[in-house]
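Engineer: Residue numbers (our numbering), protein chains in the order written: chain D, 20 to 368; chain V, 20 to 368.
Submitted below is the structure of interest, expressed as structure tokens.
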């Protein structure tokens, strides 16, 4: 099998404080109470189409032990450690150079580690469709486009010219996160999809794109071309990675490329990027509360209460609130003020 | 010195859950943030008038190590262990039999372990006044009466016939906790005082009262008369204490006795029996919040936030609430619903 999967797992997920923290980011949590961490669910979602030996997880060195704890089927050298965060383009370039040292005609799917997919069979059908397309179109750079269900302003959009059911469609252009009015138009128009951040391409296709669009980055990694996959790789990365341009794969390559395609998909996707989206997907009690942990809930409505194992809580008299406790940290706030969390926690430092 | 102090420290203080729990009751906490636990403050308040060797603490065996941790100047045999809670009369009887084995002409002051006194000098003046009075009136049974500052319905009251400044006054009668209208009348009348639960008497005086009013209890303790103060005492207590009538010293003796007196006092007293009374005595920020611990408070008003050392909290958007975390347990509730706490925590069991 030439199919590879790169799982990007370097995020710190500060939006879910205190559930996620620097020392335990969102990808390792089971925020939804499914019984599995996000990274484990991500692995299992790809497992039917990717052999275990062909997974690569890119993360921070501090999280390597957590990755191996949640994915014990991986060998330690399948966990690539970035010495610092440099956005998605350098992360993907590093993993592609490693794959190049093992398999020059690989197909690659790239995925974030912390998203939700509820229909895994449909998901796998879409991924297989993408790999099939790459067989005839090895230069294609593909993204999974999600059919939008609401005028979401938190995602980038992909515009296509014409629709064709269950097919791979050329991208007309990528659109940055829109304002609300624009998002309403996008959804009504029908030619726009959410950019899921899941990419498919051949190794040759993406390497050509890096050479064309990010030549400085290629020059940098090419210096170590012969040491990827050897014991010297980590030292090389530790020295050179910091010199990489901090740029996303979307800005760095996808938006510039003439060969981009999208596969419109509808497999129950969410990036669970906010407490609000968690609330949307969580099970609720009769009063609309999403409860997690040993909780006595009295006279609450539309409130998230999420406390870690080994703790207990009595919570009374809240409406549209968020109560979360993990790792010695407590958050009580109005749900609609959650975008302030990052600001407030600065006050604790 | 013949002055003895009995500190009653057997309570479990479930009203302050989760700060106080079975495994760590209120008397060992520093709820007000003074830097000292209630039991330590109690000891220090009496220390100028009672020699260290003359303190006795009556508590549950489970708390003996905590008592000695907070009062390391006491010897282990100064901590008397009840095998079960039997209210204040058996507790005081036990301690009096122990004192009888050491000093037959003792003066005794009895105090709860978990009250607040802000004017310690005035407190000591009152206690000395009481001991002086006992010198001429060895049969007197005295309580400290607190000048009421509000129509409190949570305390018992003491009625006197006539007032005399800074003197010991005969009690007309004891009044159980009144309803609000009655409490308003008591305060307006001026002849009523709060019953503080602090008692003074001679050993001979209280032993006579026990014989007269609780003869069954006396009979029970008399069986072990010769083994108080010996290594066999604990075994005897473990066997016999459970047979004692469960009765308070107020009902069992004080209300029946012809020789009761009160010393009206005003030394900044509170039993800190509720979160509301804690709130009254706590320091507040500019928005009326009583904050304790590493807390970022955003847009809160008249709210208690009390979290244990080693934890941190961000709390936003609450008014008249109580947020407390200790020992893996969280409470968030409306302050005026605090009397329900005991009911709610049943749901955690």
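Where is the CB? At the ideal position from N, CA and C, for every residue including glycine.
In this text, all values refer to a predicted model and were calculated from it rather than measured experimentally.
Measure the beta-carbon distance from residue 281(V) to residue 177(V) and round it to whole angstroms, keeping in mind my assumption that it falls under 8 Å.
Structural biologist: Confirmed, about 5 Å.
Engineer: Comparing alpha-carbon positions, which option in 65(D), 100(D), 134(D) lies nearest residue 140(D)?
Structural biologist: When only C-alpha atoms are compared, the closest one is 65(D).
Engineer: With H, G and I counted as helix, E and B as strand and the rest as coil, what does DSSP make of residue 59(D)?
Structural biologist: Correct three-state label for residue 59(D): helix.
Engineer: Using a cut-off of 9 Å between C-beta atoms, extract the partners of residue 353(V) located in chain D.
Structural biologist: Within chain D, the residues near residue 353(V) are 318, 335, 336.
Engineer: What does residue 284(D) pair with, by DSSP beta-bridge criteria?
Structural biologist: Answer is 165(D), bridged to residue 284(D).
Engineer: Run through the region 35-101 of chain V for me and flag every whole alpha helix (DSSP H) of 4 or more residues, listed as ranges in chain order.
Structural biologist: DSSP runs (the alpha helix (DSSP H)) wholly in the region 35-101 of chain V: 57-65, 83-89.
Engineer: Take residue 126(V) and list the residues in its own chain whose beta-carbon comes closer than 6 Å to its own, dropping the five residues that flank it on each side.
Structural biologist: Around residue 126(V): 21, 22, 150, 153, 221.
Engineer: At the 8 Å Cβ level, is residue 33(D) part of the contact set with chain V, yes or no?
Structural biologist: Chain V contact via Cβ: absent.
Engineer: Considering only residues of the same chain and omitting the five flanking positions on each side of residue 78(D), which have a CB-CB separation below 6 Å?
Structural biologist: Result list for residue 78(D): 28, 29, 86, in chain order.
Engineer: Do we get a CB-CB distance below 8 Å when we pair residue 285(D) with the residues of chain V?
Structural biologist: False, the Cβ-Cβ gap to chain V never drops below 8 Å.
Engineer: Less than 8 Å between the beta carbons of residue 196(D) and residue 175(D), yes or no?
Structural biologist: Yes. Within cutoff.
Engineer: The alpha helix (DSSP H) with residue 177(D) in it runs from where to where?
Structural biologist: No alpha helix (DSSP H) contains residue 177(D), which is instead part of the beta strand (DSSP E) from 176-179.
Engineer: Would you mind reading off the limits of the alpha helix (DSSP H) that contains residue 237(V)?
Structural biologist: Residues 234-241.
Engineer: For residue 195(V), would you say it is in contact with chain D, using Cβ-to-Cβ distances shorter than 8 Å as the test?
Structural biologist: False, the Cβ-Cβ gap to chain D never drops below 8 Å.
Engineer: Is the Cβ-Cβ distance between residue 330(D) and residue 348(V) less than 8 Å?
Structural biologist: Result yes, Cβ atoms of residue 330(D) and residue 348(V) sit closer than 8 Å.
Engineer: Helix, strand or coil, according to DSSP, for residue 196(D) in the structure here?
Structural biologist: Coil at residue 196(D), not helix or strand.
Engineer: Cutting at 6 Å between CB atoms, please list the residues of its own chain near residue 291(V), excluding the five before and the five after it.
Structural biologist: So the list reads 135, 297, once near-sequence residues are dropped.
Engineer: Just how far apart, CA to CA, sit residue 26(V) and residue 143(V)?
Structural biologist: Distance between the alpha carbons of residue 26(V) and residue 143(V) is about 16 Å.
Engineer: Quick check: the Cα distance between residue 313(V) and residue 253(D), rounded to an integer number of angstroms?
Structural biologist: Near 40 Å, if we compare the C-alpha coordinates of residue 253(D) and residue 313(V).
Engineer: Grab the span of the beta strand (DSSP E) containing residue 221(V) for me, first residue to last.
Structural biologist: It spans 211-221 - the beta strand (DSSP E) in which residue 221(V) sits, taken as one unbroken run.
Engineer: What do you reckon, are the CB atoms on residue 24(D) and residue 57(D) nearer than 8 Å?
Structural biologist: In this structure, residue 57(D) does not lie closer than 8 Å to residue 24(D) by Cβ.
Engineer: So for residue 328(V), helix, strand or coil by DSSP?
Structural biologist: Residue 328(V) falls in the coil class under three-state DSSP.
Engineer: So which residues on chain D does residue 332(V) lean against when the C-beta distance must stay under 8 Å?
Structural biologist: Within chain D, the residues near residue 332(V) are 348, 349, 350, 351.
Engineer: Pairs of beta-carbons, one from the region 98-116 of chain V and one from the region 261-277 of chain V, closer than 8 Å: are there three or more?
Structural biologist: Yes: at least three Cβ pairs fall under 8 Å.
Engineer: Give the list of continuous alpha helix (DSSP H) stretches no shorter than 4 residues that lie fully inside the region 255-285 of chain V.
Structural biologist: Complete alpha helix (DSSP H) runs here, min 4: 268-271.
Engineer: Please list the terminal residues of the continuous alpha helix (DSSP H) segment that includes residue 362(V).
Structural biologist: Looking at the DSSP string, the run of the alpha helix (DSSP H) that includes residue 362(V) is 360-365.
Engineer: Closer than 8 Å, CB to CB, is residue 344(V) near chain D or not?
Structural biologist: For residue 344(V), the answer is yes, since a Cβ of chain D falls inside 8 Å of its Cβ.
Engineer: Under 6 Å Cβ to Cβ from residue 180(D), same chain only, skipping five residues before and after it: list those, please.
Structural biologist: Result list for residue 180(D): 191, in chain order.
Engineer: In chain D, what lies closer than 9 Å to residue 41(V) by C-beta?
Structural biologist: Ordered by position in chain D, no residue passes the 9 Å Cβ test against residue 41(V), which lies about 14 Å from the chain.
Engineer: Tell me which residues of the region 297-321 of chain D have at least one Cβ-Cβ distance to chain V shorter than 7 Å, keeping chain order.
Structural biologist: Per Cβ criterion, the list reads 313, 315, 317.
Engineer: Can you look up residue 187(V) in the DSSP assignment and give me helix, strand or coil?
Structural biologist: Coil, per DSSP.
Engineer: Can you look up residue 135(V) in the DSSP assignment and give me helix, strand or coil?
Structural biologist: Of the three classes helix, strand and coil, the one that applies to residue 135(V) here is strand, per DSSP.
Engineer: On a CA-only basis, which of 250(D), 116(D), 346(D) is nearest residue 225(D)? Give me that one, please.
Structural biologist: Looking at the Cα atoms, 116(D) is the closest of the given residues.
Engineer: If you measure from the CB of residue 30(V), is any heavy atom of the ligand GTP nearer than 7 Å?
Structural biologist: Looking for the ligand GTP in the displayed structure turns up nothing, as the structure carries no ligands at all.
Engineer: Compare the C-alpha of residue 285(V) against each of 88(V), 145(V), 132(V) and name the closest.
Structural biologist: Among 88(V), 145(V), 132(V), the Cα nearest to that of residue 285(V) is on 145(V).
Engineer: How many whole angstroms separate the CB atoms of residue 129(V) and residue 218(V), which I take to be in contact at a CB cut-off of 8 Å?
Structural biologist: So it is a contact: roughly 4 Å between Cβ atoms.
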